[in-house]
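Residue numbers (our numbering): 8 to 133. We treat Cβ as the ideally placed atom computed from N, Cα and C, and that holds for glycine. Since the structure is predicted, the reported quantities are computational estimates derived from the model, not experimental observations. So the structure is just underneath, and the comments pick up after that.
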C-alpha cells in the first residue's frame with residue numbers, strides 16, 4: 008500500500024514538473040519571439056519533451072496563456088482590494104496594474120504587450 012502512494016506521488020510530481028516546464032518554456036519563447044512566431048514544437052523542444060507530450064497537458068498553444076492571465080488578474084484584484092477607498096476607481100485600477108507589473112513575476116508584462124496581436128490571432132477573442 009505504501010509503495011503505491013510513493014509511486015503516485017512521484018508521478019504527480021513529474022506531471023507538475025512537466026507542466027511547469029512547458030509553461031516556463033512558452034513564457035520565455037513568447038517574450039523572445041512573440042506569441043505568433045512561437046510554435047508548439049519550439050515550446051516542446053525547450054521544455055525537453057515531445058510535441059505529443061505537450062498535447063497531453065494542453066489542447067493548444069492558446070491554453071498556455073490562461074494560467075498567466077488568471078494569475079495576473081488575481082494579483083491585480085488583490086492590489087485593488089488594498090486601494091484606499093477615497094481613490095477614484097480608474098486610479099485604483101491603474102495603480103494596481105503598475106504595482107503588479109513592477110513585481111516582475113509571471114508573464115503579465117509580456118502578456119499585456121502581446122494582447123493586440125493575440126486578439127487577432129486567437130479566435131476566442133474575436
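- Between residue 51 and residue 61, the C-beta gap is smaller than 7 Å, which places the two residues in contact.
- If the five residues before and after residue 104 are omitted, its C-beta is found closer than 7 Å to the C-beta atoms of 83, all from its own chain and listed in chain order.
- For the 7 Å CB-CB criterion, residue 99 and residue 80 do not form a contact.
- Only residues of its own chain outside the window of five on either side were considered, and among them 50, 71 have a CB closer than 6 Å to the CB of residue 33, listed in chain order.
- Between residue 54 and residue 73, the C-beta spacing is not below 7 Å.
- When 110, 43, 93, 26 are compared, the shortest CA-CA separation from residue 57 is found for 26.
- Closest by C-alpha distance to residue 48, out of 41, 68, 31, is 68.
- DSSP places residue 91 outside both helix and strand once states are collapsed to three, so it counts as coil.
- Where residue 64 is concerned, the enclosing alpha helix (DSSP H) starts and stops at 58-64.
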